[in-house]
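Numbering (the numbering used here), first residue to last: 136 to 331. Ideal placement from N, C-alpha and C gives every residue a C-beta, glycine not left out. Quantities reported herein were computed from a predicted structural model and do not represent experimental measurements. What follows is a short report on a single structure.
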């Protein structure tokens, strides 16, 4: 019988390995909604943490620390790059260098005003979610990073469809569609979605 905590019909979600599932910290969690709630509480704590400190979003150590702050009370692997293959994302051995390249590209875009601040933040967010550096939580992580970078560049945080995208049906489908368009080098839908 499938485990009700990890059964998920959404093909855009990243399945965890058996070893990664064993890294769940709260023993009381047995159902998916309990996991989502615990993660959301942890993300709220990370938001408070980011609001109390000066930060450089374009820093690999900050990014890893942010993921740990977002998920560290729920998962032992929080903040650690994945070491296993996924249905999406780059090969695990490429993660460190691809994140570094993404940061370097974003720094170049900022310094040379290659794109508008919103587009820089959305492109950076998209590249991170495409790399899929962590075992899980990559979408929520990359959207928060996009928000933080937009703010660092003097813009408002994005609205990302104005809903929690975990269980958001049509809104999540629009987000996935926008990500797939961006995967094919058309960033317009994702830019529109980020401000919708």
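Work out the CA separation of residue j and residue i for me, nearest whole Å.
i           : j           : result
residue 238 : residue 253 : 16 Å
residue 219 : residue 307 : 26 Å
residue 170 : residue 271 : 12 Å
residue 163 : residue 156 : 14 Å
residue 174 : residue 327 : 27 Å
residue 180 : residue 207 : 10 Å
residue 264 : residue 249 : 21 Å
residue 285 : residue 318 : 21 Å
residue 323 : residue 260 : 14 Å
residue 201 : residue 214 : 7 Å
residue 210 : residue 187 : 23 Å
residue 244 : residue 304 : 34 Å
residue 161 : residue 177 : 12 Å
residue 293 : residue 257 : 9 Å
residue 195 : residue 235 : 7 Å
residue 330 : residue 298 : 12 Å
residue 227 : residue 266 : 9 Å
residue 167 : residue 315 : 26 Å
residue 165 : residue 242 : 42 Å
residue 192 : residue 229 : 21 Å
residue 225 : residue 291 : 30 Å
residue 296 : residue 278 : 11 Å
residue 273 : residue 313 : 16 Å
Per DSSP, which residues does residue i bridge with? Please list them.
i           : result
residue 244 : Answer is none; residue 244 lacks a bridge partner.
residue 159 : 210
So residue i is in the alpha helix (DSSP H); what residue range does that whole segment cover?
i           : result
residue 287 : 273-287
residue 329 : 323-329
residue 310 : 304-318
residue 253 : 252-266
So residue i and residue j are in contact, right, with Cβ under 8 Å, and what is the actual spacing, rounded?
i           : j           : result
residue 149 : residue 262 : Not confirmed; about 17 Å, so no contact.
residue 276 : residue 205 : 6 Å
residue 190 : residue 288 : Not really, about 13 Å apart at Cβ, beyond 8 Å.
residue 216 : residue 268 : 5 Å
residue 198 : residue 280 : 7 Å
Looking at residue i and the ligand MN, is the gap between the Cβ and the nearest heavy atom below 7 Å?
i           : result
residue 246 : Because no ligand of any kind appears in the structure shown, any question about the ligand MN cannot be addressed here.
| At which residue ranges does the region 171-213 contain complete alpha helix (DSSP H) runs of 4 or more residues, listed in the order of the chain? | 195-206
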